[in-house]
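There are 2 protein chains.
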Amino acid sequence: MRIALDAMGGDEAPKPIILGGIQAVLSQPELQLVLVGDRAQMESHLNIDYPKDRVEIFHCTQTIDMHDSPLEAMRKKPDNSISRCWQLLAEKKVDAIVSAGNTGAMVGGGFKARKFLPKLRRPGIATLMPTANLSSNNPSSNNPLGSAGSTSSCVLIDAGANLDPKPIHLLQYGIMGRRYAQTVLQKENPTIGLLNVGEEASKGNELARKTYELFHNSPLADSFVGNVEGRDIHRGKCDVVVTDAFVGNVILKLSEGVFEFIMKRVAEEIVAPLPSDRNQAYQALQRIVHRYDYRTFGGAPLLGIDGICIICHGSSDQRAIQNALTVAGNLVRNHLNDKIVTDLALLPDISDED
Amino acid sequence: MRIALDAMGGDEAPKPIILGGIQAVLSQPELQLVLVGDRAQMESHLNIDYPKDRVEIFHCTQTIDMHDSPLEAMRKKPDNSISRCWQLLAEKKVDAIVSAGNTGAMVGGGFKARKFLPKLRRPGIATLMPTANLSSNNPSSNNPLGSAGSTSSCVLIDAGANLDPKPIHLLQYGIMGRRYAQTVLQKENPTIGLLNVGEEASKGNELARKTYELFHNSPLADSFVGNVEGRDIHRGKCDVVVTDAFVGNVILKLSEGVFEFIMKRVAEEIVAPLPSDRNQAYQALQRIVHRYDYRTFGGAPLLGIDGICIICHGSSDQRAIQNALTVAGNLVRNHLNDKIVTDLALLPDISDED
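Listed in order, the protein sequences are those of chains A and B.
For the first sequence, position 168 (counting from the first letter as 1) is numbered 168 according to this note's numbering, and the numbering increases by one without interruption.
For the second sequence, position 234 (counting from the first letter as 1) is numbered 234 according to this note's numbering, and the numbering increases by one without interruption.
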């Protein structure tokens with residue numbers, strides 16, 4: 001298996017990216033790693049011991065920064081590391097690409113390359129959200145993301161790719177999210193819920209109501225639990241939560257904001273005033289903060305691409321990059337895309353206008 | 001001042017509703033209360049001491065239940081307490097109405113009555129969200145909602161009325177939210193943010209991009225801080241957060257879900273294992289849970305109506321109802337609607353199609 005890693009993408013790139021990549025090579029015997037970026041910069045971090053026959057360098061001269069406007073930067077910097085990763089994937093020279101760089105550029109690169117799976121309309125980003133242990137999810141000690149402690153997870157899709165989707169796009173996100181959940185949550189029959197403002201079929205805006213109809217009459221109907229509400233996500237009411245990228249983005253960032261807000265209250269009002277047990281309580285608080293730190297997660301796949309594409313948080317450290325390469329390897333090994341293609345073929349033909 | 005209270009609406013109605021109403025009469029000397037509902041049921045809870053000259057009964061025979069389909073129920077039960085409240089407001093027999101009944105019926109009643117403020121396109125629900133003490137918000141000890149402890153608040157609008165809004169609706173929500181924030185947050189110049197997926201003007205779905213343009217070129221431009229993201233809400237980055245009802249509903253319910261999720265982790269992993277200080281820590285945890293219990297808040301106004309309309313959570317207790325009547329009284333006394341009408345008049349004429 002061959003994976004391209006964007007060595008130039010990430011807040012602290014290239015050092016933690018390269019070290020995470022080397023760790024992944026050491027832990028995955030069949031992994032062939034292609035480091036994409038500036039050769040001189042990369043080599044200055046490669047004066048370490050590693051299996052040189054399994055690490056290649058793909059030299060390119062440009063980098064898209066985190067604050068670059070994605071489309072403009074891709075046009076002005078044609079030799080940037082993200083576009084080169086996409087090129088390697090499009091030419092089938094690698095099975096997967098991984099980047100902690102500019103998310104907009106990663107998504108834009110995928111839309112530009114247009115190497116979508118057959119029948120797939122729009123790629124979507126899937127991400128994991130922590131949930132209470134209500135469902136029979138396996139604990140994430142078995143989870144390739146390996147960072148959620150003893151809690152379970154659900155898949156949220158679309159978390160950021162498609163801001164004005166059609167109902168058929170959301171139906172296809174359900175299909176892809178379900179297959180992704182099978183692999184990462186290790187569940188045989190993941191359930192799918194449509195995020196909405198109430199449980200009844202008639203609830204919601206126009207997009208939600210039309211999407212409900214589509215799911216209800218689709219080959220996925222048996223896995224579809226209907227509408228779920230905002231409070232159901234963290235309760236683990238279903239394994240896959242389908243929504244548009246606007247709402248998905250709000251969910252991710254709001255969860256982060258509420259978590260931060262409450263943990264500050266807990267630190268100030270519960271932990272700080274304790275006369276005897278303050279240290280113990282503080283350590284327990286730190287463990288919770290660390291477990292749900294969205295930045296340490298191992299990346300989110302852009303699903304629907306012919307090939308595997310993992311987008312990591314800009315602040316990914318060495319371990320997060322290693323995790324992302326493990327996830328990428330698992331998705332390739334599990335033939336995720338073959339399963340998605342089989343499911344997509346079962347869908348009736350629906351135009352974007354429907 | 002005359003306020004109609006839907007005595008039949010609420011999970012435990014009519015008892016806590018009526019008792020909350022009587023408390024409000026006792027604490028607001030100028031309040032004339034109209035209890036709307038079944039006379040016999042209401043009178044069975046009125047065998048207490050109260051100023052009888054300031055409490056009237058408006059008898060009606062029907063009630064819309066929490067799980068009734070709002071529009072169907074309003075058609076089949078024409079003599080229901082919610083429709084009667086709206087009738088009293090439309091006929092200017094009361095200045096305000098308050099209900100903890102079926103939210104859909106309350107909103108539907110407002111849309112049906114169509115007694116909107118001049119130039120107002122669609123009413124919207126404003127609600128308060130707790131925020132960190134970043135801004136100079138007054139502490140909510142001065143807050144008519146009186147339940148947010150030492151934290152500050154921001155106004156979220158629309159929290160549930162208008163699921164498929166146009167940009168002009170969201171601009172008008174900004175106008176109304178700002179005037180509401182002046183009253184409840186006691187700030188002279190509240191700032192307005194548009195909820196979006198990133199800070200740049202070009203970000204977002206079509207609705208968000210068009211709405212940004214409208215705000216940017218409106219008489220509100222000086223109060224408009226631009227786009228805010230999900231994580232900014234609880235950080236208190238602005239005083240008024242404008243969004244559509246779909247996203248607003250997700251925000252409210254997701255906040256509730258994340259809060260519940262985290263507080264369980266805190267109870268299990270921080271508080272329960274403490275050897276000496278467990279009781280103290282548990283009491284501090286209970287105080288936080290109580291403070292942010294969304295059910296104890298004093299209700300959310302449906303803004304844009306000619307008259308004041310407050311919608312309360314179904315689980316509102318006596319104190320929540322009393323709070324809601326206090327809020328309603330404050331909004332009437334502060335001439336909230338006159339201020340909104342003045343602001344709306346400054347807007348250029350924009351059709352719904354724009």
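Cβ coordinates follow ideal geometry from the N, Cα and C atoms, glycine included.
Do residue i and residue j have their CB atoms nearer than 9 Å?
| i | j | result |
| --- | --- | --- |
| A:F215 | A:I251 | no |
| A:R2 | A:V25 | no |
| A:D317 | A:G20 | yes |
| A:A132 | A:R287 | no |
| B:D277 | B:P165 | no |
| A:A208 | A:L194 | yes |
| A:M263 | B:I48 | no |
| B:A324 | A:E269 | no |
| B:L254 | A:L254 | yes |
Could you tell me which of the options sits nearest to residue i, measuring between CA atoms?
| i | options | result |
| --- | --- | --- |
| B:G230 | A:V242, A:V258, A:D239, A:E213 | A:V258 |
| A:G314 | A:P14, A:R2, A:A4 | A:P14 |
| B:P123 | B:I262, B:Q62, B:M106 | B:M106 |
| B:S248 | A:R278, A:V197, A:K339, A:C238 | Residue identity differs from the one stated: residue 248 of chain B is Gly in this sequence, not Ser. If we check each option's Cα against that of B:G248, A:V197 comes out closest. |
| A:G174 | A:S152, A:N227, A:N205, A:A201 | A:N227 |
| B:V271 | A:T103, A:Q280, A:L195, A:K264 | A:Q280 |
| B:V94 | B:R114, B:L5, B:G177, B:G109 | B:L5 |
| A:V240 | A:P190, A:P165, A:L120 | A:P190 |
| B:K187 | B:S218, B:C238, B:I233, B:A208 | B:C238 |
| B:F246 | A:E206, A:P273, A:L285 | A:E206 |
| A:E256 | B:D232, B:L220, B:R121 | B:D232 |
| B:K339 | B:D49, B:Y212, B:Q172 | B:Q172 |
| A:V242 | A:E43, A:V332, A:S44, A:G177 | A:G177 |
| B:C60 | B:S69, B:P70, B:K115, B:D79 | B:D79 |
| B:L381 | B:R265, B:G104, B:D68 | Absent from the model: residue 381 of chain B. The displayed extent of chain B is 1 to 354, so no value can be given. |
Specify the secondary structure class of residue i as computed by DSSP and reduced to three states.
| i | result |
| --- | --- |
| A:R291 | helix |
| B:S153 | strand |
| B:L128 | strand |
| B:N334 | coil |
| B:S83 | helix |
| A:P118 | coil |
| A:S99 | strand |
| B:H59 | strand |
| B:G298 | coil |
| A:R54 | helix |
| B:L195 | strand |
| B:A90 | helix |
Could you pull out every residue in the same chain whose Cβ sits closer than 7 Å to the Cβ of residue i, ignoring the five residues on either side in sequence?
| i | result |
| --- | --- |
| A:N334 | T183 |
| B:A328 | I3, A96, V98, I308, I310 |
| B:Y292 | P130, F259 |
| B:L120 | Q172, G304, L344 |
Measure the alpha-carbon distance for residue i versus residue j and round it to whole angstroms.
| i | j | result |
| --- | --- | --- |
| A:C312 | B:I22 | 57 Å |
| B:Q322 | B:R39 | 21 Å |
| A:I57 | B:P348 | 59 Å |
| B:I41 | B:Q62 | A quick correction: the sequence has Gln, not Ile, at residue 41 of chain B. One C-alpha to the other measures close to 12 Å. |
| B:L97 | B:R179 | The question names Leu, but residue 97 of chain B in the sequence shown is Ile. Each residue's Cα considered, the two are about 19 Å apart. |
| B:E72 | B:D65 | 12 Å |
| A:I308 | B:D222 | 46 Å |
| A:L31 | A:N102 | 25 Å |
| B:T305 | A:S202 | Here residue 305 of chain B is Ile; the residue named in the question, Thr, does not match the sequence. Cα to Cα, the separation comes out at about 26 Å. |
| A:L303 | A:L336 | 10 Å |
| A:L274 | A:A100 | 40 Å |
| B:I369 | B:A161 | In the structure displayed, chain B extends from 1 to 354; residue 369 of chain B sits before or after that span and is not available. |
| B:H290 | A:A267 | 17 Å |
| A:R319 | A:E12 | 13 Å |
| B:E213 | B:E199 | 13 Å |
| A:A113 | A:A90 | 7 Å |
Apart from the five residues on each side of it in sequence, which residues of its chain come closer than 6 Å, Cβ to Cβ, to residue i?
| i | result |
| --- | --- |
| A:T127 | L156, A159, A300 |
| B:I17 | A7, G10, I321 |
| A:I350 | I168 |
| A:G204 | N196, V197 |
| A:N137 | For A:N137, the pLDDT reaches just 41, beneath the cut-off of 50, and the residue's location in the model is therefore unreliable, leaving the point undetermined. |
| B:S135 | With a pLDDT of 42 at B:S135, under the threshold of 50, the modelled position of this residue cannot be trusted, and the question is left open. |
With a threshold of 8 Å on Cβ separation, who are the neighbours of residue i within its own chain once the five nearest residues in sequence on each side are excluded?
| i | result |
| --- | --- |
| B:P118 | V341, L344, A345 |
| B:G109 | M74, I82, S83, C85, W86 |
| B:N142 | Confidence in B:N142 is poor, its pLDDT being 40 and thus under 50, which makes the residue's placement too unreliable to answer from. |
| A:L88 | A4, V34, V36, F58, V94, I97 |
Would the C-beta of residue i count as close to the ligand ADP, meaning under 8 Å from any of its heavy atoms?
| i | result |
| --- | --- |
| B:S316 | Inclusion of the ligand ADP in the displayed structure is not the case, the ligand content being empty and no account of it being possible. |
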